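Undergrad: All residue numbers for the sequence shown refer to UniProt numbering, where the first residue is 1 and numbers rise by one. Just so you know, even glycine gets a beta-carbon here, dropped at the ideal spot from N, CA and C. The structure presented is a predicted model; accordingly, all values stated were derived computationally and were not measured.
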Amino acid sequence: MTPYRQLIALFAAFRRQQFLLLSLILTETVLTVSIPFLIKHLIDKITESRGREAIFQLGLLIIAISLCAVVINVIQHYQWHKLRLMSIKHLRAMLFEAAMKKRAAFLKKNHSGDILTKIIDDGVIVAQHLSIGIPMLIANAFRLLIILVVMLFISPALTLVVLTVVPFYYILFNYLNKKLRETSKQERVGFSGILNAVQEILNGIDTIKLFNKESFFSSIFSQKLDGHFHFVKRNLFFNSIGTGATTFIITMLPVAILLTGSSFVLEHSLSLGGLIAFYSYLAYLYEPINNLSDYQMGVQTALGSSDRVFDFLHHDVEPEDGGAIHIDSIQSIEFRNVSFAYDSAAPALTNLSFAAVAGDKVAIVGRSGSGKTTLINLLMKVYDGYDGEIFINNIDIRQISRSSLYKRISLVEQNVFVFEGSVKENILFDNRLEDAEVEEILRVSQVK
Ligand SMILES: Nc1ncnc2c1ncn2[C@@H]1O[C@H](COP(=O)(O)OP(=O)(O)OP(=O)(O)O)[C@@H](O)[C@H]1O
Ligand SMILES: [Mg+2]
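1) Based on the DSSP output, what are the partners of PRO36 in its beta bridges?
2) ALA256 and LYS40 look like a contact to me (Cβ under 8 Å); what is the Cβ gap, rounded to whole Å?
3) Measuring CB to CB, does VAL309 end up less than 8 Å from LEU7?
4) Give me, in chain order, the residues of the same chain whose beta-carbon lies closer than 8 Å to that of ALA13; leave out the 5 immediate sequence neighbours on both sides.
5) Below 8 Å between beta carbons: does that hold for GLU187 and HIS129?
6) Specify the secondary structure class of LYS102 as computed by DSSP and reduced to three states.
7) Give me the Cα-Cα distance between SER344 and GLY385, rounded to the nearest whole angstrom.
8) Got a sec: does ligand 1 put a non-hydrogen atom nearer than 7 Å to the Cβ of THR374?
9) In angstroms with no decimal places, state the Cα-to-Cα distance between ASP121 and PHE191.
10) Classify SER271 as helix, strand or coil using the three-state DSSP reduction.
11) Using C-beta distances below 7 Å, list every residue in its chain close to LEU152, excluding the 5 sequence neighbours before and after it, in chain order.
12) Any heavy atom of ligand 1 within a distance shorter than 7 Å of the CB on ALA13?
13) Mind checking whether VAL149 and ILE249 have CB atoms under 8 Å apart?
14) What are the uninterrupted segments assigned as alpha helix (DSSP H) that are 4 or more residues long and contained completely in the region 269 to 340, given in chain order?
15) Please report how far the alpha carbon of ASN140 lies from the alpha carbon of GLU425, in whole angstroms.
16) If you reduce the DSSP assignment to three classes, tell me which class THR2 lands in.
17) Hey, how far is the Cα of LEU433 from the Cα of ASP294?
18) Can you check whether the CB of LEU61 is closer than 8 Å to the CB of LEU26?
19) How close, in whole Å, do the beta carbons of LYS102 and VAL317 come, if the pair is a contact with beta carbons under 8 Å?
20) Verify the contact flag: ASP384, CB atom, against every heavy atom of ligand 1, threshold strictly below 7 Å.
21) How long is the line joining the alpha carbons of GLU413 and ILE427, rounded to whole angstroms?
22) Quick one: does the C-beta of LYS108 sit closer than 7 Å to a heavy atom of ligand 1?
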């Protein structure tokens, strides 16, 4: 199965809503498309000077159908957006969960701005497309088909005029779509660069102020904005050409139809009602054509993002708990000939061996970059691509479950993680402790 298909499968829960939406749209289409046809009959009745009674009845029917179409349109509009928003929520939750399950090494290596863009932005694009894209495609293809059939029924010759435009339209949009796909990918990359920069610069704002380097970092940020804007502009350019082509057709086609059609009316091969109905159907044509080309463009953007989303959902996932053996205490720690390199070129640790047993107090001292943090990261199973062996209680840590290891190790890092909430919540997370125990924690850690 391609990644794209696998992503569609993630939205299986929304099938029922998709089906409901599709039924609503199809019903609305049948109702609205019937209106110009009925108007044709109304005008034909007027030009043929039929009785008021018949004209009045037909008028009432048109009003009733229009009212039904409006009601269904409102429901459809609501359902459409509800489905869109629900699926965005669904995918964002999945992406966030995937982020939590990533290997720590992955999270350390990837910029959080990039991850943020994936969860917030790519999630929206892909979710919208996957949830409403397919119903939209079917609905518009159906709408287009039914309108063309009715047009053919009214006047095959005029329909032919309409159909000559289609190939040009198709070739142009194919070209634009390709361009759009390229630029929107680059635009996404630029956007995550902006998020990264904001985060990085704000993190270091105290230092930046201390050294009076605000304008230096402002200019770095401006460069990021410029780089991103370049692709936004290109994207806009191709979009505008697309809109321009559509507008040209929307303006020219009715004139062509009126001119050609009027000669048919004069020759009595088409009734006046027929020409007016055909003319009205032209207006019905643009919406599905526009929607379909929107869909085409949407597919391109969504495909660009869906690779990113799919990779994010499925790659670098932490192996479940990373080992089967549970430990309830740490009696000994031993590094035996451990070597490790982040990038293959420069090793961070070379042939490190040492041992410590319960009760020992060990200080690891070394100049900056000598590998102290790396050592701790290996002990914490953050990276597993090292040579040699690390033992706890004479068990290779590769076989020890991560959660049992973390229960036995306290790690105080330079950067503390404080989340939005009370101090108590920051201490407890979802653990349940008596107030006296919390008091004791506060006392020991000198928070109080
Ligand atoms: N995520 C990383 N990617 C690539 N190289 C890294 C990474 N983290 C550390 N290094 C490199 O590995 C080596 C050891 O770094 P480490 O952070 O373990 O040193 P340290 O002893 O903790 O230094 P400090 O006293 O400054 O905290 C250094 O050369 C460092 O540049
Ligand atoms: Mg360090």
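TA: Once the coordinates are examined:
1) BP columns for PRO36 are empty, so no partner.
2) Contact annotation, ALA256 with LYS40: C-beta distance approximately 20 Å; criterion of less than 8 Å not satisfied.
3) yes
4) HIS90
5) no
6) DSSP, read as helix, strand or coil, puts LYS102 in strand.
7) 11 Å
8) Yes, ligand 1 has a heavy atom inside 7 Å of this Cβ.
9) 10 Å
10) coil
11) Excluding sequence positions up to five before and after LEU152, its CB lies within less than 7 Å of the CB of THR159, all in the same chain and listed in chain order.
12) no
13) Not in contact: VAL149 and ILE249 (Cβ atoms no closer than 8 Å).
14) 272 to 314
15) 51 Å
16) coil
17) 55 Å
18) no
19) 7 Å
20) no
21) 15 Å
22) LYS108: yes, Cβ under 7 Å from ligand 1.
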